[in-house]
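Asker: Following the numbering used here, the residues of the sequence shown are numbered contiguously, the last one being 950. Ideal placement from N, C-alpha and C gives every residue a C-beta, glycine not left out.
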Amino acid sequence: MSELPKTFDPASIESRWYAHWEASGQFRPDRPNAEPWTIVNPPPNVTGSLHIGHALDNTLQDILTRHARLKGKDALWVVGTDHAGIATQMVVERQMGAAVPPQKRTDLTREEFVAKVWAWKEESGGEITQQLRRLGCSMDWANERFTMDEGFSKAVLKVFVDLHKQGLLYRDKRLVNWDPGLGTAISDLEVETREIKGSFWHLRYPLADGAGFIEVATTRPETMLADMAVAVNASDERYRHLIGKQVKLPITGRLIPIIADDHADPELGSGAVKITPGHDFNDFEVGKRAGMAAGAMLNMLDAKARVVQVADGLIPEELLGLTTAEARKAVVERLKADGVLIPHVDKEGVEHDAEPRTIQTPYGDRSGVVIEPWLTDQWYVDAKTLAQPAIEAVRTGAIDIVPKTWEKTFFNWMDNIQPWCVSRQLWWGHQIPAWFAPDGTPYVAETEAEAQALAGEGVSLTRDPDVLDTWFSSALWPFATLGWDGTQPPFALSEVEGQATSAASATGASTSLSTNGEGAHRHGQLNGRYPNDVLISGFDILFFWNARMMMQGLHFMKEVPFRTLYLHGLVRAADGAKMSKSKGNVVNPLGLIDQYGADALRFFMAAMESQGRDIKMDEKRVEGYRNFATKLWNAARFAQANGIVASTTLEAPRAELAVNKWIIAETIATVQQVDIALADYRFDGAANAIYQFAWSRFCDWYLELIKPQMVGDERGVIDDESKAVAGWVLDQILVLLHPFMPFITEELWHAMGAREHDLIVAQWPMADARSLDPEASKEVDWLIRLVQEIRTARNELNVPPGARLPLHVRDANAATLARLERQAPALARLARVTHAQGEATGGAAQVVVDEATFVLPLEGVIDLDSERARLTKAIAAAEKERDALSGRLGNASFVERAKPEAVEKAKADHADKAEEAARLQAALGRLG
């Protein structure tokens, strides 16, 4: 047993233990006969670095993985990174631009550029994997995956080709989120909406027959160059007679129809809406309902968002080549000159070209430019068809979404799902396995030779230059990471359900407590690893990743990808605001690890993770959990100093003393609480159960209760029974706490004595009810309550800490009197009182515990009159502040107009003052 240093220093143990675990293969101990347990890590971008959201997500995953390992399962945490098409290509292009001489991507061939990206990946990619190690993540690094590695890429191409053969993947012309800065389509997740100061223009479109005008309004007047209709509601009596007629557009002179569509709301604006199907998602759907083919929709912008001529050639030449901002200015000037711009009149009666408005505007989260809805040919997955089995899996409980509140959102999105655009205009990524003939016919195959065979001999083929959306490849993560490449036949659903076989003799890892690693081997696909047991994810990628894994897994594996989907919230700033670099409120988890240690940050994440709620970042609480680790460290040092060593048994030692029977019962109750909480994915419940037990029950009370009394100038010796029990309880604490705080627990595990195995592969405690003794537990609970009441009375009445007081008792039954006698040494040491016979005289404090009243004479100990005066004055002050705050909170004007944080502070202050007044009243009452 090595003596622990006086001071707990997380940095000195974390890197040492992590290196040991990884080098010795402890993240995947040899357990061939154990039940498989599998979780996959949401693959972070290869360009990424650890942010606070990663810290939460991976802490929760590691808790479950370490817990499964301690439960004897063959726990596998699949780890890898995503090739992150856009982000990675941007990083490498930026590097090339900063080089001397600078280079552009287009200076190289595609093959040369891709080689440069691979070189960057080998040299600089994967920084986040080292940061995940600092967090303590017990991942299977020996089998780390990458979405562009050879095996995974084979699976991606196989899925694309098979979906195409099955008619579930096709090429179509539709609107996409187009990023003019990057020159590619992007997903909704890569679009960030910003509020900008914009304008709302009102226009008159003249009827073609000269019978008047119809008024429309728009925030983007330049798009009228590609207008194809004006929509009104069929129920709107103002316009019913105009349906089917035409308007003649200003500037272009294009004749467009007035159509009926429910998209036009009679209550909004003029009730008439200009329809530009090639540049607005809502208008695109209106156009389709009106019978417009996507290929016939007008597209007035090029890939750089500059004005180009449309199919009918009606855009004036002087507008061609302009940016959208330049075109907007020129179009407004023309409309004004033509007299069709309706001026906005402000409150002062002053005319303006447009009404000022705050506009929700989409921007590319990486390029920072305005995103354009753009009509282009892309590859699409028939998500509507693939979504049906996923919907059914959640509806029937084959996939359990936790918390359940997310199911409604899931069903709403899946029931209304749109075709999924899976192509991107990049060079880095999985190049689409499609080859085009000169007439534009695509031939989809896994290899060029197969595509040529489909096209026929002599047909010249050119490969599609686009790559696949990274969400397409990551949708295969639960099975492609486990070796699936499309050649393994999937089980039918009935063959996977409920199969199990008894294990052979245990050959897995064991601990000094008991052999671990035994269990039933669950049959399934991919060596029992599919379906995965659980997926931990942020709710923000429920549709972009989670739902798509369900769709692809059910389609290709004929089984759900995971049995449980746990969705956690966001980590927000202390004031509840969303963290962002622009606000300057981003918290660096590595900085917190440097300051407080990984264990403290992990425990904070777990303790604050409450289902369905976001987490408010609170550095003080992280510091508090560092103090918790220090308290446990000091408890272990106390144990070392008093001959308490590592336990050699999994079962609790035999105990005769009430205090030992009590702590054994408390330990078993805590194991039960943690088991139930983790089974229900109540991370906060599990963390707080361990915290309260270790801090309050074990450190604050049990160690004090067994601490030997001083004999002269020397401290006595703890009895052998208490040493054995204390060693056993400390071991159980270390095992229970290990999934949450792996580093300090492993250090203390070995510091307490020689061990056969590391804590990471120890055995989870058993909640053995046979060790419970209700009477002993009641006695120690009574003792603790009595000590607490006496300490509170002494503290509130300013009794000198060193003063020893007699303790008189009234109305006590025989059982209480017997307890007083048995617990006299503990009461003398912890409450500084001695049981006295007879009635107390003079001024005294009184405390009530159960049926008995305990009286502490205070004559000569404190000045009773002065103490009464002090308490009376303090009560008056507390009540005055309480009532003032109550008045403020009762003022509707304050509650409605004040900042939310000011109202919350007032509520908290009111509660504090109310509690203070009640506490002081109780103290005054004790004096009689």
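Let me make sure I understand the geometry here. Which of 388, 90, 217 and 219 has the alpha-carbon closest to that of residue 112?
Answerer: Locating residue 112 in the sequence shown gives position 90, counting from the first residue. Closest by alpha carbon: 388.
Asker: From this set, 228, 877, 143 and 102, which residue's C-alpha is nearest residue 109's C-alpha?
Answerer: As a first step, residue 109 must be located in the sequence shown, where it is residue number 87. Here the closest residue by C-alpha is 143.
Asker: With C-beta atoms as the reference, is residue 588 less than 8 angstroms away from residue 556?
Answerer: Position 566 of the sequence shown, counting from 1, holds the residue named residue 588. Position 534 of the sequence shown, counting from 1, holds the residue named residue 556. Taking 8 angstroms as the Cβ cut-off, residue 588 and residue 556 qualify as a contacting pair.
Asker: Take residue 675 and list the residues in its own chain whose beta-carbon comes closer than 6 angstroms to its own, dropping the five residues that flank it on each side.
Answerer: Here residue 675 refers to the residue found at position 653 of the sequence shown. Cβ within range, chain order: 746, 747 and 750.
Asker: For residue 436 versus residue 415, is the C-beta distance shorter than 8 angstroms?
Answerer: Looking up residue 436 in the sequence shown gives position 414. Looking up residue 415 in the sequence shown gives position 393. Result no, Cβ atoms of residue 436 and residue 415 do not sit closer than 8 angstroms.
Asker: Indicate the three-state DSSP secondary structure (helix, strand or coil) for residue 762 in the structure shown.
Answerer: Looking up residue 762 in the sequence shown gives position 740. Here residue 762 sits in coil by DSSP.
Asker: If you draw a straight line from the alpha carbon of residue 5 to that of residue 348, how long is it in whole angstroms?
Answerer: Only positions 23 to 950 of the chain appear in the structure, and residue 5 is not among them; the question remains open.
Asker: Taking the alpha helix (DSSP H) that residue 724 falls in, what are its first and last residues?
Answerer: Translated into the one-based positions of the sequence shown, residue 724 becomes position 702. Looking at the DSSP string, residue 724 is not in any alpha helix (DSSP H), and its letter there is neither H nor E.
Asker: Assuming contact is defined by CB atoms lying nearer than 8 angstroms, are residue 660 and residue 688 in contact in what I supplied?
Answerer: Locating residue 660 in the sequence shown gives position 638, counting from the first residue. Locating residue 688 in the sequence shown gives position 666, counting from the first residue. No. Outside cutoff.
Asker: Can you look up residue 608 in the DSSP assignment and give me helix, strand or coil?
Answerer: Here the question's residue 608 lines up with position 586 in the sequence shown. Residue 608 falls in the coil class under three-state DSSP.
Asker: Is the distance from the Cβ of residue 594 to the Cβ of residue 642 below 8 angstroms?
Answerer: Looking up residue 594 in the sequence shown gives position 572. Looking up residue 642 in the sequence shown gives position 620. Contact: no.
Asker: According to DSSP, residue 235 sits in a beta bridge with which residue or residues?
Answerer: The residue you call residue 235 lines up with position 213 of the sequence shown. Bridge partners of residue 235: 228.
Asker: Pick helix, strand or coil for residue 485, following the three-state DSSP scheme.
Answerer: Looking up residue 485 in the sequence shown gives position 463. If DSSP states are grouped into helix, strand and coil, residue 485 belongs with the strands.
Asker: My output table needs one value for residue 871: the three-state DSSP class, helix, strand or coil.
Answerer: Taking the sequence shown and counting its residues from 1, one reaches residue 871 at position 849. If DSSP states are grouped into helix, strand and coil, residue 871 belongs with the strands.
Asker: Just how far apart, CA to CA, sit residue 265 and residue 376?
Answerer: Locating residue 265 in the sequence shown gives position 243, counting from the first residue. Locating residue 376 in the sequence shown gives position 354, counting from the first residue. When rounded, the distance between both Cα atoms is 28 angstroms.
Asker: Which of the three DSSP states is assigned to residue 439 in this structure?
Answerer: Counted from its first residue, the sequence shown places residue 439 at position 417. It is coil, neither helix nor strand.
Asker: Secondary structure at residue 647, three-state DSSP: helix, strand or coil?
Answerer: Looking up residue 647 in the sequence shown gives position 625. Of the three classes helix, strand and coil, the one that applies to residue 647 here is helix, per DSSP.
Asker: Output the residue ranges of the alpha helix (DSSP H) runs that lie fully inside the stretch 264-340 and measure 4 residues or longer, sorted by chain position.
Answerer: With a minimum length of 4 residues, the continuous alpha helix (DSSP H) runs that stay inside the stretch 264-340 are 303-311.
Asker: Would you give the residue range spanned by the alpha helix (DSSP H) that residue 843 belongs to?
Answerer: For the purposes of this step, residue 843 is identified with residue 821 of the sequence shown, where counting begins at 1. Element bounds for residue 843: 836-844.
Asker: Have a look at 819, 477 and 558 and flag the residue whose alpha-carbon is nearest the alpha-carbon of residue 885.
Answerer: Your numbering for residue 885 matches position 863 in the sequence shown. If we check each option's Cα against that of residue 885, 819 comes out closest.
Asker: Per DSSP, what are the beta-bridge partners of residue 558 in this structure?
Answerer: The residue given as residue 558 occupies position 536 in the sequence shown. Partner(s): 588.
Asker: Can you tell me whether residue 622 is buried or exposed, with buried defined as 16 or more other CB within 10 angstroms of its CB?
Answerer: In the sequence shown, residue 622 corresponds to position 600, counting from 1. Flag for residue 622 reads buried.
Asker: Suppose only complete runs of 3+ residues qualify. What are the beta strand (DSSP E) ranges in the stretch 45-111, listed by chain order?
Answerer: If we require 3 residues or more, the beta strand (DSSP E) runs fully inside the stretch 45-111 come out as 58-62 and 96-100.
Asker: Would DSSP call residue 259 helix, strand or coil?
Answerer: For the purposes of this step, residue 259 is taken as the residue at position 237 of the sequence shown. Reduced to three states, the DSSP call for residue 259 is coil.
Asker: Going by beta carbon distance, what residues of the same chain come within less than 8 angstroms of residue 864, once the five residues before and after it are set aside?
Answerer: For the purposes of this step, residue 864 is taken as residue 842 along the sequence shown, with counting starting at 1. Only 879, 880 and 881 meet the Cβ criterion.
Asker: Please return the same chain residues whose Cβ sits closer than 8 angstroms to the Cβ of residue 942, not counting the five positions on each side in sequence.
Answerer: The residue given as residue 942 occupies position 920 in the sequence shown. For residue 942, where only same-chain residues beyond five positions count, the Cβ hits under 8 angstroms are 818, 893, 896, 897 and 900.
Asker: Output needed for residue 40: all residues of its chain with C-beta closer than 6 angstroms, excluding positions within five of it in sequence on either side, in chain order.
Answerer: Within the sequence shown, residue 40 is the residue found at index 18, counting from 1. So the qualifying residues of the chain are 155.
Asker: Would residue 909 pass as an interface residue toward chain C - the criterion being a Cβ-Cβ separation below 8 angstroms?
Answerer: In the structure shown, chain C does not exist; there is a single protein chain.
Asker: For the beta strand (DSSP E) that residue 422 lies in, which residues bound it at each end?
Answerer: For the purposes of this step, residue 422 is taken as residue 400 along the sequence shown, with counting starting at 1. Here the beta strand (DSSP E) through residue 422 covers 422-424.
Asker: Among all the DSSP beta bridges, which residues are the ones paired with residue 251?
Answerer: For the purposes of this step, residue 251 is taken as residue 229 along the sequence shown, with counting starting at 1. Answer is 297.
Asker: Is residue 980 helix, strand or coil by DSSP?
Answerer: There is simply no residue 980 to check, as the chain begins at 23 and stops at 950 in what is shown.
Asker: Note down, in chain order, each residue of its chain lying with its Cβ closer than 7 angstroms to the Cβ of residue 226, except the 5 sequence neighbours on either side.
Answerer: Taking the first residue of the sequence shown as position 1, residue 226 is located at position 204. Same-chain partners within the cutoff: 235, 237, 362 and 364.
Asker: To which residues of the same chain is residue 754 closer than 6 angstroms at the C-beta, ignoring the five residues directly before and after it?
Answerer: The residue given as residue 754 occupies position 732 in the sequence shown. So the qualifying residues of the chain are 689 and 787.
Asker: Just confirm the distance between the C-beta atoms of residue 230 and residue 269, as a whole number of angstroms; I'd bet it's less than 8 angstroms.
Answerer: Counting from 1 along the sequence shown, the entry for residue 230 is found at position 208. Counting from 1 along the sequence shown, the entry for residue 269 is found at position 247. Correct: roughly 6 angstroms between the Cβ atoms.
Asker: Could you check if residue 433 is buried or exposed, using at least 16 other CB atoms within 10 Å of its CB as the buried criterion?
Answerer: Taking the first residue of the sequence shown as position 1, residue 433 is located at position 411. Exposed: under 16 other Cβ atoms inside 10 Å.
Asker: Assuming residue 455 and residue 404 are in contact, meaning their beta carbons sit under 8 angstroms apart, how far apart are those beta carbons, in whole angstroms?
Answerer: Along the sequence shown, one-based indexing puts residue 455 at 433. Along the sequence shown, one-based indexing puts residue 404 at 382. That belief does not hold up - the Cβ atoms of residue 455 and residue 404 are roughly 18 angstroms apart, past 8 angstroms.
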